[in-house]
Amino acid sequence: MTVQPILLVRNLAKRYGGVVALDDMNLAVEAGTIHAVVGENGAGKSTLMKVLAGVVRPDAGVVELDGKIVSFSGTNAAREHGIGMVYQELSLFPERSVLANLFVNREPVRRGLVSLTEMEARSSDLLRQLGLDVDVRAPVSRLSIGERQLVELARVMLERPRLLILDEPNSALNSRETERLFGVLRRLRAGGITMLYVSHRLEEVFSICDRITITRNGRDVRTDDTSTLTIPAVIEGMIGRQREDLFPPPLPQTSDTQSQLTVSNLSGGRLDSASFTARSGEIVGLAGLEGSGVSELLDMLFGMRKSRGGEVRFPDGQGLPRSATDAARRRVCLVPSDRRRDGLMLDKSILFNLSNVAVGARRGSPLYSARTALERARRQIDALRIKGAPSAPANSLSGGNQQKIVIGKWLEIGPQVFLLDDPTRGVDVGAKREIYSLIRRMSAGGGIVLFSSTELPELIGLCDRILVVYQGRLIGEATGSQMSEHTVLHMMNTGELLAGPQQTPSPHGTAA
Amino acid sequence: MTGIDNDQLQPATAPTEAKRGWRMPEEIGVIVALVAMMVVIGIARPRFLNPINLFSLLGNTTFLGMLAVGMVFLLAIREIDLSVGWMFNFSAVFAALLMVAGIDPWLAAFAGVLFGAGLGFLNGIIAITLRLPAIIVTLGTYSMFQGLSLVVNKGRAIVPADQSSSFFSVISQKLFGLVPVAALVFIALAIVMHLVLHRTRFGYRVQAVGSNPEAAEHAGIPTAWVKLQTLVLMGAICGLSGVMYVGFRGAIDPNEGGDFVLVVIAAVIIGGTPLSGGHGTIIGAVVGMMIIQVISSGLIFFGIDATWSTFVTGAVIVLAVSLDRLIKFQRARRAERSRETLRR
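Line order of the protein sequences matches chains A and B.
Numbering-wise, the working numbering comes out as the position in the first sequence, counting from 1, plus 56.
To convert, note that position 310 of the second sequence is 294 in the working numbering; the numbers rise steadily by one, no gaps.
This is the structure we're talking about:
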């Protein structure tokens, strides 16, 4: 490794008040490589990227570009130094045209007017290179998510960055779109562009990146060539403890109620004719890529979405709930995946949020007792170890504590059916562990648990069996020894069962 | 990471808990503003503080104030009802016509309240079946109610000829020759509605839906039903205000109520209820309405041309919301800072 690194980060530190986001972060990125930065939430990788993009100023430490020390006063300064940042959340204007989005704030002007022709001329080469073949004068809202991501990438590429930072660029993409994006990234690498790639999805990191830096608690733990690392080794580096430790063992059944949820030929939205049963005392996993129909399935079971056909029998002997209110009254609960939008009243107190279901959805006395609500809040705060006073507003809490509120408001009514849509999204490892043991308790208490997740390890670590949904079809089930990341990932990405025990390389490995 | 969280959070939560016990009521700002204005006017023109004047001021606040009380629920659920003035007018016209037709005024007044609730129901049912914001629906019904009211009153004031019924004497009476009964009804309504907002399941749901409709839906709160209830309540309060107006004045003008809606919304906002929903204060709305009344009557006391009162009212609204913004902005910044410390 005699190559001079294009980017060198030394001893970077950043504190937010008393909390250390970056402790002693080091990073060396060689020109022309794709370099991954991985780590759990809170490991400091987003703060690191923000420092590099000029959004956040570090308290200490040095950033060197091509051997020269730089310090960015803002995002524009970083941009001028050739650093381009593609954000995780799309920042496009959906109602405006592709061209308008590409040239936001630096529209080429001819004779005092914004010139579309000029824009087209300047961007056509790049768009061809990115393989983005769309009507550039049409509004962005007509494009697929994958194409939008490419527009976002193109916008950054127009500034001709030397170093491209990609923060979970494919979080909203399906496997085909991801492949396409990766193809583009490989071509960019061949063209000499250096990339920093931040992602949670390790399989993809392994398929596209040359080197990996593992971060934990604001430090870099290990940096190595991808070829010398394995996924378990990376996971171990990220969480710093054995993975089995993360998943609490099954608890003994504390309830002897035997109930069952039967779904036959259920269709609706993207989901087509799904049939399965789930029994009390087991945790049934639901795996599927974004847009596969898993969310629709949970929404239908919760009464938020109408079904097109099929039959469902809940433990109470009835069919699908007519509405979410009906579901709540029949003790069916849903923990939505978008916590901030669908799960919380952010400006309201913990106490208020915890009363959502018991007061808001259920019938009973027309009066609202502040004292009962306070008792309820105290009970859940104690039981779930929520770190906050009952009167603290929900938006003052960390992601993990917020998620506990969403779960806690349902626990108040003792649900029989738990529909959990990616309940650990965006929470730190410690909170994840607590949520896992909560899920174990739900199941041990006689609840029927359907658990969907975007993170395979947690499905495998927690579930008794995993149902895999591919493009709206429930294509199969993995149980026991079949529940390996390979088998499930293969099913999720191809819709086919893995033939035989001899496993082919990961689906991303060979595709180019 | 979790270890850090623990250390960080424990001390931070303790003060919040302790603070809750003796926290100042949020309405303290507007109350202080109202008292200060009255003191200033009172020092310059002592006649202003004469109890007779103050109570007649309260009496004048009644009809618009009642609408403001109902409007708090609308803003709390993140909606606005533009048709309140004409629901008020139409219900009053309806009740007055029944009285003219010889029906017992008490019965007619009761029918007027129900009629108002019916108008609110119409607003509500359109809004929830078409999933439209109430502001759009009531933009239409505003003119519909105005037009229908005009059709039935034929552009003339409705004056019930026989005003010997106890209905008229009770409503327009002054207790101890001082306190208008209408004002007492208004205060009673405000107290009841304050309790409804903070101490009932319905009030809880209104705030929940207003705070985050999506999350309310996902928590199983029957959002459409709550919205309908709120609009019906608003209609019923308009009806009550309308029939009391008939009892108080003995007549209803064809245009009375046409300019109510903006004053009502202004009072609610001056009182501290945000447009962003999720939260409302009845006490604030009542005080807000009183502030508006004190301004217009204070101007008269200073001998300033009454035509100025509209301008001053507007200026006070702008001032009130600017102050509110400023306070919120600072609070948000403080919250942001403490959050930054807690996270990561």
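The beta-carbon is built from N, C-alpha and C at its ideal position, and this holds for glycine as well.
Worksheet item: Which stretch, first to last residue, makes up the beta strand (DSSP E) that contains phenylalanine 474/A?
Response: Position 418 of the first sequence, counted from the start, is the residue given in the question as residue 474/A. First-last of the beta strand (DSSP E) with phenylalanine 474/A: 473 to 477.
message = With a threshold of 8 angstroms between beta carbons, is threonine 184/B in contact with chain A?
response = Within the second sequence, residue 184/B is the residue found at index 200, counting from 1. So, interface residue.
**Buried or exposed by the 16-neighbour rule on C-beta atoms within 10 Å, applied to phenylalanine 303/A** = The residue labelled residue 303/A in the question sits at position 247 within the first sequence. The residue is buried, with at least 16 neighbouring Cβ atoms inside 10 Å.
message = When you compare the stretch 238 to 257 of chain A with the stretch 213 to 226 of chain A, are there three or more beta-carbon pairs, one atom per stretch, that lie closer than 8 angstroms?
response = yes
Checklist line | Rounded straight-line distance, which links the Cα of arginine 166/A to that of serine 411/A | finding: The residue labelled residue 411/A in the question sits at position 355 within the first sequence. The residue labelled residue 166/A in the question sits at position 110 within the first sequence. Answer to the nearest angstrom: the Cα atoms are 59 angstroms apart.
### Query
For the stretch 15 to 81 of chain B, which segments carrying the beta strand (DSSP E) assignment without a break, of at least 3 residues, lie completely within its bounds, in sequence order?
If only uninterrupted beta strand (DSSP E) runs of at least 3 residues are considered, none is enclosed by the stretch 15 to 81 of chain B.
TODO: Please state whether DSSP places arginine 333/A in a helix, a strand or coil.
DONE: Reading the first sequence from its first residue, position 277 is the one you call residue 333/A. With the sequence shown as reference, residue 333/A is identified as threonine, and arginine is not the correct amino acid for it. DSSP places threonine 333/A in strand when its eight states are reduced to three.
- Which residues in the same chain have their Cβ closer than 6 angstroms to the Cβ of methionine 401/A, if we skip the five residues on either side of it in sequence? Translated into positions along the first sequence, residue 401/A becomes position 345. Closer than 6 angstroms at Cβ, skipping near neighbours: Asn409.
_Through-space distance from alanine 199/B to methionine 360/A, alpha-carbon basis_ = Taking the first sequence and counting its residues from 1, the one referred to as residue 360/A is at position 304. Taking the second sequence and counting its residues from 1, the one referred to as residue 199/B is at position 215. Approximately 12 angstroms between the Cα atoms of the pair.
Quiz prompt | Short-range partners of chain A found in the stretch 236 to 270 of chain B, where Cβ spacing is below 7 angstroms | solution = Gly262
If you check the beta carbons only, do alanine 134/A and leucine 108/A fall under 8 angstroms apart? If you number the first sequence from 1, residue 134/A lands on position 78. If you number the first sequence from 1, residue 108/A lands on position 52. Contact: yes.
query = Using a C-beta cutoff of 8 angstroms, does glycine 5/B count as contacting chain A?
reply = Locating residue 5/B in the second sequence gives position 21, counting from the first residue. In this predicted model, glycine 5/B has a pLDDT of only 47, less than 50, meaning its place in the structure is not dependable; the value taken from the coordinates is given anyway. At a cut-off of 8 angstroms between beta-carbon atoms, glycine 5/B makes no contact with chain A.
Coarse secondary structure for glutamine 298/A, derived from DSSP in three states: Within the first sequence, the letter at position 242 stands for residue 298/A. Model confidence at glutamine 298/A stands at a pLDDT of 49, short of 50, so the residue's coordinates are unreliable and nothing is read from them.
### Message
Could you give the first and the last residue of the continuous alpha helix (DSSP H) run that contains glycine 486/A?
### Response
Numbered from 1 along the first sequence, position 430 holds the residue referred to as residue 486/A. Where glycine 486/A is concerned, the enclosing alpha helix (DSSP H) stretches over 485 to 500.
Within-8 angstroms CB hit, proline 306/A to chain B:
Here residue 306/A refers to the residue found at position 250 of the first sequence. Answer no: the Cβ-Cβ gap between proline 306/A and chain B never drops below 8 angstroms.
**Inter-residue spacing [alpha-carbon to alpha-carbon] between glycine 234/B and phenylalanine 151/B** = As a first step, residue 234/B is located in the second sequence; it is residue number 250 there, counting from the start. As a first step, residue 151/B is located in the second sequence; it is residue number 167 there, counting from the start. Going by the C-alpha atoms only, they are around 10 angstroms apart.
Using a Cβ-Cβ distance under 8 angstroms, would proline 9/B count as near chain A? The count along the second sequence starts at 1 and reaches residue 9/B at position 25. No - not a single Cβ of chain A is within 8 angstroms of the one on proline 9/B.
Would you report the Cα separation of cysteine 265/A and leucine 258/A, rounded to the nearest angstrom? For the purposes of this step, residue 265/A is identified with residue 209 of the first sequence, where counting begins at 1. For the purposes of this step, residue 258/A is identified with residue 202 of the first sequence, where counting begins at 1. Approximately 10 angstroms, taken between the alpha carbons.
message: So tyrosine 424/A contacts chain B; which residues on that side make the cut at Cβ distance below 8 angstroms?
response: Taking the first residue of the first sequence as 1, we reach residue 424/A at position 368. Near tyrosine 424/A (Cβ distances below 8 angstroms), the residues of chain B are His182, Arg183, Thr184, Arg185, Gly187 and Tyr188.
Spatial distance of arginine 193/A from valine 65/A (CA atoms):
Numbered from its first residue, the first sequence carries residue 193/A at position 137. Numbered from its first residue, the first sequence carries residue 65/A at position 9. Their Cα atoms are separated by approximately 41 angstroms.
8 angstroms is my cut-off, CB to CB: does alanine 384/A come that close to chain B?
Translated into the one-based positions of the first sequence, residue 384/A becomes position 328. So, interface residue.
Which ranges would you report for the alpha helix (DSSP H) in the stretch 96 to 121 of chain A if only whole runs of at least 4 residues count? 101 to 108
**OP:** Go through its chain and collect everything with a Cβ distance to lysine 331/B's Cβ below 6 angstroms, but skip five positions before and after it.
**Re:** With chain B covering only -15 through 328, there is no way to say anything about residue 331/B.
Leaving out five residues before and five after serine 147/A in sequence, what residues of the same chain have Cβ atoms less than 8 angstroms from its Cβ? As a working note, residue 147/A is residue 91 in the first sequence. So the list reads Glu208, once near-sequence residues are dropped.
Note to self: I need the DSSP call for leucine 10/A, collapsed to helix, strand or coil.
What the structure shows: What the structure shows of chain A is the stretch from 57 to 568, and residue 10/A is not part of that stretch, so it cannot be assessed.
task = Less than 8 angstroms between the CB atoms is what I'm expecting for valine 413/A and alanine 203/B, so what's the real figure, rounded?
result = Taking the first residue of the first sequence as 1, we reach residue 413/A at position 357. Taking the first residue of the second sequence as 1, we reach residue 203/B at position 219. Confirmed, about 5 angstroms.
Could you compute how far the alpha carbon of asparagine 132/A sits from the alpha carbon of valine 180/B? Residue mapping note: residue 132/A aligns to position 76 of the first sequence, counting from 1. Residue mapping note: residue 180/B aligns to position 196 of the second sequence, counting from 1. Asparagine 132/A and valine 180/B: Cα-Cα distance of roughly 53 angstroms.
- request: Identify whether methionine 218/B lies in helix, strand or coil by the three-state DSSP scheme.
  value: Residue 218/B sits at position 234 when you count from the first residue of the second sequence. Of the three classes helix, strand and coil, the one that applies to methionine 218/B here is helix, per DSSP.
Aspartate 189/A burial status per 10 Å Cβ neighbour count (16 or more: buried): As a position in the first sequence, residue 189/A is number 133, starting the count at 1. Aspartate 189/A counts as exposed, since fewer than 16 other beta carbons sit within 10 angstroms of its beta carbon.
Just tell me which of Gly123/A, Met141/A, Arg496/A and Ile90/A has its CA closest to the CA of valine 111/A.
Taking the first sequence and counting its residues from 1, one reaches residue 111/A at position 55. For the residues Gly123/A, Met141/A, Arg496/A and Ile90/A, the minimum Cα distance to valine 111/A belongs to Met141/A.
Would you call asparagine 107/B buried or exposed, if buried means 16 or more other Cβ atoms sit within 10 Å of its Cβ? Against the second sequence, residue 107/B aligns to sequence position 123. Classification for asparagine 107/B: buried.
Check your understanding: Which chain A residues sit within Cβ distance under 9 angstroms of alanine 101/B?
Key -> For the purposes of this step, residue 101/B is identified with residue 117 of the second sequence, where counting begins at 1. Going along chain A, no residue has its Cβ under 9 angstroms from alanine 101/B, so there is no contact; the nearest lies around 18 angstroms.
Q: Give the straight-line distance between the Cα atoms of arginine 152/A and valine 212/A, rounded to the nearest whole angstrom.
A: As a position in the first sequence, residue 152/A is number 96, starting the count at 1. As a position in the first sequence, residue 212/A is number 156, starting the count at 1. Whole-angstrom Cα-Cα distance: 17 angstroms.
What is the DSSP secondary structure of serine 148/B, reduced to helix, strand or coil?
-> Your numbering for residue 148/B matches position 164 in the second sequence. Correct three-state label for serine 148/B: coil.
Do glutamate 552/A and isoleucine 516/A have their beta-carbon atoms positioned less than 8 angstroms apart in this structure? Sequence index remark: in the first sequence, residue 516/A carries index 460 (1-based). Sequence index remark: in the first sequence, residue 552/A carries index 496 (1-based). Contact: no.
Should aspartate 477/A go down as buried or exposed, given a rule of 16 or more other Cβ atoms within 10 Å for buried?
Here residue 477/A corresponds to residue number 421 of the first sequence, with the count starting at 1. That one is buried.
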